[in-house]
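Protein chains in written order, with our numbering: chain W, 122 to 206; chain R, 122 to 206; chain U, 8 to 173; chain V, 8 to 173.
Backbone N, C-alpha and C define an ideal beta-carbon position, used for all residues, glycine too.
Note that the structure is predicted; figures quoted are calculated from it, not measured.
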């Protein structure tokens, strides 16, 4: 499975890039699985996802919980809690 | 006792004037007394004060209840409930 | 470093009250409360306009008690500024004949944070409705004599909620 | 007479959402929602500005998720317009570097009556704070690297109150 993953704010800064195309192992089913998988990809990823529960996600531009299935999503976004307004 | 009394909105319209100087009998002590006294001054006053409890008052430009004493006030205003804003 | 150890002196609260027949511009009024300041994070405003009530009205005519109006509104505005820790507050109420679509009243409340700004503006509007010495008379489009607008129970209830909270 | 028996058709609700780096003018935005209408009696607005936090900051930098931001805000704005029976609603959120005193966000809610206008503006601001995909980074006046602004518990609570009411 290939997926576009995009990062914002300090998640983006720690990983060092704004987006990437990733091949995911079969074992990655939910958003939470994706975050746990990313955290194994290197020091910068480990730093970005060291406290997984603060990470917010969107599947194809809609807010999504960690237990939601990625399914056939085209784009997953991972970011800190929002501070707009 | 001589006093300036001012009227607004439909109180003013029913009485037919915006203000007047009045000589008040000794028996007029409170705002409520004043309203009851005015209601006896003629048809137009009776029409203005036919439902005394809806009339609002100000003593020297400060809101005042019907039981407040007129004392040495310079100006009493009588008017319907306000509809500003 | 200096910024942390010696915070800048607290700026005085700007309270402006105007009773006028002329119109106002909200950008100008907000600008007057925010220009040259960097401590205002939140500006809440309320503008009240004349409605035609489904095509029935040609205008509203606003009568007021000149001496009392500015004094009463200023007293309430200063209470609001202190209660909600506002950085600035402007209240403008027009009088005279106002056509549908025209401005009647403006309140602008500035604060560091948004809840205070919203509360300051809503508080002042609630008091405007019940305690400011203004009266509205309808002018009808068909030329008939209009009625004086009646005070609403809802306005008294809206005002009462501030009392129960304090 | 005709005015009573055939009330004018209900005007469509105007919902405008813009994500932009340029500034906005509140008079223009209110004018766009009220011009030529006589059914708008109440306009509530909220403007969020950049504070310097007691002289500490030289700017805030706003990052956003372009595709999602406009879609998410529009969904919330349309929900607010229906829920509070608004006649119009405009939401503008800026991105990029904004100096202290500069505008960040504007919400304008129009309705026939004031409570709906206030509620519409406050509701949208609460959702902006928690659900709109924007992030603020501080730039320090002393040139040091700034922090990303942390989300506030108070904002989540402010948003939750709308849920408990519905």
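Item                                                                                                                                                                                        : Value
Let's test the definition: count the other Cβ atoms within 10 Å of the Cβ of residue 193 (chain R) and tell me whether it reaches 16, buried, or not, exposed.                              : exposed
Since residue 158 (chain R) is in the beta strand (DSSP E), which residue starts that stretch and which ends it?                                                                            : Careful: residue 158 (chain R) lies outside any beta strand (DSSP E), inside the alpha helix (DSSP H) at 152-159.
Grouping DSSP H, G and I as helix and E and B as strand, with all else coil, what is residue 20 (chain U)?                                                                                  : coil
Which one or two residues does DSSP pair with residue 103 (chain U) in a beta bridge?                                                                                                       : U:69
Under a Cβ-count criterion, where at least 16 other Cβ atoms within 10 Å of its own Cβ denotes burial, should residue 146 (chain R) be classed as buried or exposed?                        : exposed
Between residue 81 (chain V) and residue 24 (chain V), how many whole angstroms is the CB-CB distance? I'm expecting something under 8 Å.                                                   : 5 Å
For residue 36 (chain U), name the three-state secondary structure that DSSP assigns.                                                                                                       : helix
Residues in the stretch 15-48 of chain U with C-beta within 9 Å of chain V's C-beta atoms, listed in sequence order?                                                                        : 15, 32, 33, 34, 35, 37, 41, 42, 43, 44, 45, 46, 47, 48
Any residues in the stretch 64-75 of chain U with a beta carbon nearer than 8 Å to a beta carbon of chain R? Which ones, in chain order?                                                    : 69, 70, 71, 72, 74, 75
Check each residue of the stretch 103-129 of chain V: if its Cβ is closer than 8 Å to any Cβ of chain U, include it; give the result in chain order.                                        : 107, 108, 119, 121, 122, 124, 125, 128, 129
Looking at the structure shown, is residue 141 (chain U) part of a helix, part of a strand, or coil, going by DSSP?                                                                         : strand
Can you tell which of R:170, R:203, R:206, R:133 has its C-alpha closest to the C-alpha of residue 153 (chain R)?                                                                           : R:170
Do the stretch 101-111 of chain U and the stretch 35-51 of chain U meet, that is, are 3 or more Cβ pairs less than 8 Å apart?                                                               : no
Report the option in U:69, U:76, U:96 whose CA atom is closest to the CA atom of residue 155 (chain U).                                                                                     : U:69
Please return the same chain residues whose Cβ sits closer than 7 Å to the Cβ of residue 135 (chain R), not counting the five positions on each side in sequence.                           : 165, 168, 169
Roughly how far, in whole angstroms, is the beta-carbon of residue 51 (chain U) from the beta-carbon of residue 124 (chain U), given that I think they are within contact range, below 8 Å? : 4 Å
Look at residue 28 (chain V) and residue 146 (chain V) and say whether their C-beta atoms are less than 7 Å apart.                                                                          : no
Check the DSSP bridge columns for residue 159 (chain V) and list the partner residues they point to.                                                                                        : DSSP lists no partner for residue 159 (chain V).
Going by the DSSP bridge assignment, what does residue 125 (chain W) pair with across the sheet?                                                                                            : W:142, W:196
Going along chain W in order, which residues have a C-beta closer than 9 Å to the C-beta of residue 155 (chain V)?                                                                          : 130, 131, 134, 201, 204
Kindly say whether residue 152 (chain V), judged by its beta-carbon, lies nearer than 7 Å to any beta-carbon of chain U.                                                                    : no
Between which residues of its own chain and residue 166 (chain V) is the CB-CB distance below 8 Å, once the five residues before and five after are set aside?                              : 133, 134, 136, 137, 138
Using 7 Å as the limit for Cβ to Cβ distance, is residue 58 (chain U) near chain R?                                                                                                         : no
Please check if any C-beta of chain W sits within less than 7 Å of the C-beta of residue 142 (chain V).                                                                                     : yes
Could you tell me the boundaries of the alpha helix (DSSP H) in which residue 136 (chain W) lies?                                                                                           : 130-136
What residues from chain V crowd round residue 171 (chain W), counting only those whose CB sits closer than 8 Å?                                                                            : Going along chain V, no residue has its Cβ under 8 Å from residue 171 (chain W), so there is no contact; the nearest lies around 15 Å.
Using a Cβ-Cβ distance under 7 Å, would residue 2 (chain V) count as near chain W?                                                                                                          : Within the shown structure, residues of chain V are numbered from 8 to 173, placing residue 2 (chain V) beyond reach of any answer.
Measure from the C-beta of residue 141 (chain W) to each C-beta in chain V and report whether the shortest distance is under 7 Å.                                                           : no
So, are the CB atoms of residue 156 (chain R) and residue 176 (chain R) less than 7 Å apart?                                                                                                : yes
Using a beta-carbon distance below 7 Å, is residue 187 (chain W) in contact with chain V?                                                                                                   : no
Would you please verify whether the beta carbon of residue 198 (chain W) is less than 7 Å from any beta carbon of chain V?                                                                  : yes
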